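Below is one structure; the comments refer to it alone.
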Amino acid sequence: TLRSSALQEQVLGVKLPELQHALMLVWRLPDLLVRCADAGHAEHPSVKSVALATRLARHTAQGWDNAAVPDDVSDIALLLNKSSAATLDWLREVDG
């Protein structure tokens with residue numbers, strides 16, 4: 132929020148996302164990881180792929196019957212330009 136951002140800058144002299152980004156660069160973390168941590172890259176296909184895969188993994192950790200899975204599949208299908216049915220079949224095949 133604006134308030135916490137202003138507080139971070141007042142107390143620390145820097146906003147935490149800026150500090151996080153700078154540290155990731157200094158530590159030479161992989162570019163994809165740096166982009167994933169930057170909200171400005173949320174719509175980049177590689178970042179979106181990681182976010183969707185993480186979300187699907189979290190929702191299917193206990194099985195495929197989680198109520199959130201259809202939304203995940205729909206979003207992945209949109210990214211892949213495939214139907215939801217074809218995407219679900221592919222995901223289950225990949226899952227083994």
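At position 47 of the sequence shown the residue is numbered 178 (our numbering), and the sequence of numbers has no breaks. C-beta: ideal position from N, C-alpha, C; glycine also. If you're wondering where the values come from, they're calculated on a predicted model, not measured in any experiment.
Open item on the list: My parser needs the alpha helix (DSSP H) runs of 4 or more residues fully inside the stretch 139–213; what are they?
Closed with: 147–157, 162–167, 176–190 and 200–211
Task: Beta-carbon proximity check, Asp203 vs Leu187, cutoff 8 Å - done: yes
Open item on the list: Is it buried or exposed, Leu219, if we count other Cβ atoms within 10 angstroms and call 16 or more buried?
Closed with: buried
Task: Same chain, Cβ closer than 6 Å to Ala199, neighbours up to 5 away in sequence not counted - done: His190
Task: Cα-Cα separation, Val165 to Ala216 - done: 33 Å
Open item on the list: Going by beta-carbon coordinates alone, are Leu211 and Pro176 separated by less than 8 Å?
Closed with: no
Open item on the list: So that I know if they touch, is there some Cβ in chain B lying closer than 8 Å to that of Leu222?
Closed with: Protein chain content of the structure displayed is limited to a single chain, and chain B is not contained in it.
Task: Neighbour-count burial assignment, Val178, 16 or more Cβ in a 10 Å radius - done: buried
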